[in-house]
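Working notes, structure below.
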Amino acid sequence: MLEMDRIRACYGAIQVLWDVSFRVEEGEIVTLLGSNGAGKSTAIHVAQGLVRPASGEARFRGDVIGHLRPHQVVERGLCLVPEARHLFPYMSVLENLELGAYPKKARAVRESTLQWIFELFPILQKRQKQRAHTLSGGEQQMVAIARGLMAKPYLLMMDEPSLGLAPLIVAELFRTISEVNQHGLSILLVEQNAMHALNLAARAYVMETGRITRQGSGKELLDDPHIRTAYLGM
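The opening residue of the sequence shown carries number -5 in the working numbering; numbering runs sequentially from there.
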């Protein structure tokens, strides 16, 4: 579904990705794991059209997408839930969600998608008239994910969805991500929370200093001594 093939990327004269390759197949949850500054966010920003690759090729559902603008990538069915949520703080929950239904195919089924969202996140139905900035951190993250789902993507990329959330909220968040995946949606999860992310992922890639250094199933990486020491504190 998504193939990143030997991607190199730069910010000005500074190269930040070196020949990064990974893939997400239909129906999978795949995790990109790594510390701050490893290049995880840049990699998915290349996929979303926010960063142009210096070389290499990004493909989605068989089509090259590295030259497309972000809104064109969303129209193709690839959507990013950004780090720090980026909600419209003084708009209501409902207004934030409706803005997610930007693609033509999403507009056509907006009401049915909204009802599914409210079944998935019942608290958002109760809060739908409330301004986004008045919500708790966990509720804001629900809105960010739900807004991405409103676009009716084939693949949803999530950048650090558990960042800054309390442990109980994190556990609930990952249960929800699993439930969304069970509806057939592919998910690319960028995370520092290794335990939750690897337990959820069918496959995972580890990024360090702009390179993929390890890959395997979630279980294989959970059992990897380097991962246990570097990311799990064991």
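We put the CB at the ideal spot given by N, CA and C, even for glycine.
Item                                                                                                    : Value
Beta-carbon proximity of Y233 to Q186, cut-off 8 Å                                                      : For the chain, the structure presents residues -5 to 228; residue 233 sits outside this window and is missing.
Close Cβ partners of F82 (< 8 Å) along its chain, the five nearest in sequence each way excluded        : E89, N90, L93 and A126
Where A165 falls, given that 16 or more other Cβ within 10 Å makes a residue buried                     : exposed
T207 - containing beta strand (DSSP E), residue span                                                    : R205 to S211
Rounded C-alpha distance that separates F112 from Q119                                                  : 5 Å
Best match in T223, H220 and G204 for proximity to A37 [C-alpha to C-alpha]                             : G204
Buried versus exposed call for S211 [16 or more other C-beta atoms within 10 Å across all chains shown] : exposed
Per-residue burial, V103 [other beta carbons within 10 Å of its own, 16 or more giving buried]          : exposed
G50 at chain C interface by Cβ criterion, 8 Å                                                           : This model lacks chain C altogether; it includes just one protein chain.
Residue interval of the beta strand (DSSP E) (run including L149)                                       : L149 to D153
Which residues DSSP lists as bridging T25, in chain order                                               : L183 and A198
Pick from W110, L(-4), K98 and G31 that is closest to Q9, judged by C-alpha positions                   : G31
E51 beta carbon less than 8 Å from that of V58                                                          : yes
Straight-line Cα distance separating M189 from H39                                                      : 24 Å
Bounding residues of the alpha helix (DSSP H) (the contiguous stretch that carries Q135)                : G131 to M144
Entirely enclosed beta strand (DSSP E) segments - the segment 64 to 114, minimum 3 residues             : 72 to 75
Nearest-angstrom beta carbon gap, A196 and M144 [assumed within contact, 8 Å]                           : At roughly 25 Å, the Cβ-Cβ gap does not stay under 8 Å, so M144 and A196 are not in contact.
Alpha-carbon spacing of T223 relative to Y5, whole angstroms                                            : 31 Å
Selection from V24, R17, E(-3) and E19 that minimises the alpha carbon distance to V184                 : V24
Distance CB(M152)-CB(V75) smaller than 8 Å                                                              : yes
Endpoints, beta strand (DSSP E) assigned at I221                                                        : Run containing I221: none in the beta strand (DSSP E); it sits in the alpha helix (DSSP H), P219 to A224.
Any alpha helix (DSSP H) of 4 or more consecutive residues that is wholly inside the segment -1 to 58   : 34 to 42
T170, enclosing alpha helix (DSSP H) - first and last residue                                           : P161 to Q176
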